[in-house]
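The structure appears below as structure tokens.
Residue numbers (the working numbering): 764 to 1340.
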């Protein structure tokens, strides 16, 4: 049942290829007609040369026609494969776009509960398996209904006995292949489950490699990965064993059926019950009759891989988005006041924030301070609209955030996440991030604000310097500054910086925060940090502890209170007296 549903869904994707898939099948049908013509021409030439006593001169025009037909077949087959490849490439591109759009729609609230490796495996190996299904298996599945039928139509008027043998034996080949393939399907599904598990675990280990080394757990994790890999290897070998068995069964029955045709043709020729020309024609067509079935067996593993991959893809496409309310109201270009009124949010695994209230106004810098796990990042994610409060509300210029057009609101925010991501491409492209209508001078101004222009000027190609995935080629602090330039490039009305100075030295961090206020004096600036020295540069500070606001006020007022902020400041400066 699961396999049938998977194939039904796979077939629905064929629409994305447009007419290319139909062109591929049309080329296969035309190739079948030319193949029959080639076999008849070859049989006619041999019959007339051997038994008919025709001279070379008489047969020359037909001898020249034979290579022309063969060249035409070759060209049409190249076109068939090209159309099939282009069709599958379009389906792959469309499917990957669907998956990325769905992941974007589901948002961070969904993705934070998923394993990165599993998603990456579905987007990578899973989509590639779907492409192989459409470029190999599915066209061949349709071709086996065209080529054998065309051969039977051409053969029956000349030799109905051979045609009847082919008609009776043909269903045996796919029947036994299906019987053997059922076991291979189950094993293939297990293989994909284990591949997804291995990918997810490997990504998690890579992400936490530093922590594993610090806790001396790296060797234990290496042994776990080795065990998972060995289990995957054993499952893969079982799938291959069944696949080879399926191919063996296919070749066996195809060979037996072809031999039966040859034996019956031989006996009838010996007893003079049929002519040489139709007998030779039947012998030439017999291997071609079973060739599409053998080719289907070659591509059968692509079907198993695609069905195995479908489960992971459907899990993404059918995932239910977290409940969020979204309206259509649009705010003015520059929101003046953002208020959090008693907002609370609790994660299923524990943690979050409880009854938090504060106001952030344009032209003001507000710092949220607290230790790790205090709830700082949760507040920024609610403000960005990634998650919705369980209770309370966020009000923007008197309008509830839930009533606003969320994408339009997010366009007004410049966000620097705690762990920024750079992509393969130039530094300028990473700062722009697909935005258009921005000049080189504006890019350099944003980099100057982020204290990145100095080191960029020292690079070989400066702003055209090519980075690898994840910012390969730059240090952690340099990546942080490029991401900061990206966040402030369009002079956003609201700037949300999550631990913006964590990878920077003290002097660079101070310069960057000071430049932020000077360059964007009318923006509402929210800085999330555990660094009390950076927080002290803000107009106001809110101190979080275990998800609750424990202190709020100006930096000097909090120092005078000698409370939590003052204690954090003393601990960080080393003054424990």
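Don't be surprised by glycine CBs; every beta carbon is placed ideally from N, CA and C.
This one's a predicted model, so the numbers in the text were calculated from it and none came from an experiment.
Exercise. Counting pairs of beta carbons, one from the region 1180 to 1187 and one from the region 1243 to 1261, are three or more of them closer than 8 Å?
Worked result: Counting Cβ pairs under 8 Å, three or more are found: they touch.
For this session: Just confirm the distance between the C-beta atoms of residue 1213 and residue 1251, as a whole number of angstroms; I'd bet it's less than 8 Å.
Result: Correct: roughly 7 Å between the Cβ atoms.
For this session: Leaving aside the five residues before and after residue 1209 along the sequence, list all residues of the same chain whose C-beta is less than 8 Å from its C-beta, in chain order.
Result: 1194, 1248, 1249, 1251, 1252
For this session: Just mark residue 769 as buried or exposed, buried being the case when its beta carbon has 16 or more other beta carbons within 10 Å.
Result: buried
Exercise. Would residue 1108 pass as a contact of residue 1141 if the rule is Cβ separation under 8 Å?
Worked result: yes
For this session: Would you check if the distance between the CB atom of residue 796 and the CB atom of residue 985 is smaller than 8 Å?
Result: no
For this session: Compute the beta-carbon to beta-carbon distance between residue 814 and residue 829, rounded to the nearest angstrom, for a pair I have assumed lies under 8 Å.
Result: Contact doesn't hold; Cβ gap of about 18 Å is too wide.
For this session: Ignore the nearest five residues each way along the sequence and tell me which others in residue 1124's own chain have a CB closer than 7 Å to its CB.
Result: 1099, 1100, 1287
Problem set entry | Selection from 1191, 1068, 1311 that minimises the alpha carbon distance to residue 1226 | 1191
Exercise. Start and end of the alpha helix (DSSP H) containing residue 1245?
Worked result: 1239 to 1251
For this session: State the DSSP-derived secondary structure class of residue 1300, mapped to helix, strand or coil.
Result: coil
For this session: Under 8 Å by Cβ, that's how I've got residue 1102 and residue 1122 pegged, so tell me the actual separation to the nearest angstrom.
Result: 5 Å
Exercise. Among 1273, 1305, 1313, which one has its Cα closest to the Cα of residue 1296?
Worked result: Considering only 1273, 1305, 1313, the residue with the shortest C-alpha distance to residue 1296 is 1273.
Exercise. Mind checking residue 1046: buried by the 16 CB within 10 Å criterion, or exposed?
Worked result: buried
Exercise. Hey, is the region 850 to 863 in contact with the region 890 to 900, meaning 3+ C-beta pairs nearer than 8 Å?
Worked result: yes
Exercise. Thinking C-beta only, is residue 907 closer than 8 Å to residue 1023?
Worked result: Contact: no.
Exercise. Thinking C-beta only, is residue 1291 closer than 8 Å to residue 1176?
Worked result: In this structure, residue 1176 lies away from residue 1291, with their beta-carbon atoms at least 8 Å apart.
For this session: Go through the region 881 to 914 residue by residue and report every complete run of the alpha helix (DSSP H) that reaches 4 residues or more, in order.
Result: 890 to 895, 901 to 906
Problem set entry | Whole-angstrom distance between residue 1133 and residue 1321, CA atom to CA atom | 14 Å
Exercise. Which runs of the beta strand (DSSP E), 3 residues or longer, sit entirely within the region 1301 to 1331?
Worked result: 1303 to 1308, 1311 to 1316
Exercise. Around the Cβ of residue 923, are there at least 16 other Cβ atoms within 10 angstroms (buried) or fewer (exposed)?
Worked result: exposed
Exercise. For the candidate residues 1039, 821, 1174, 1025, whose alpha-carbon lies nearest to that of residue 803?
Worked result: 1039
For this session: Would you list the residues sitting across from residue 1259 in a DSSP beta bridge?
Result: 1178, 1289
Problem set entry | Range covered by the alpha helix (DSSP H) that runs through residue 1270 | Residue 1270 -> alpha helix (DSSP H) spans 1269 to 1282.
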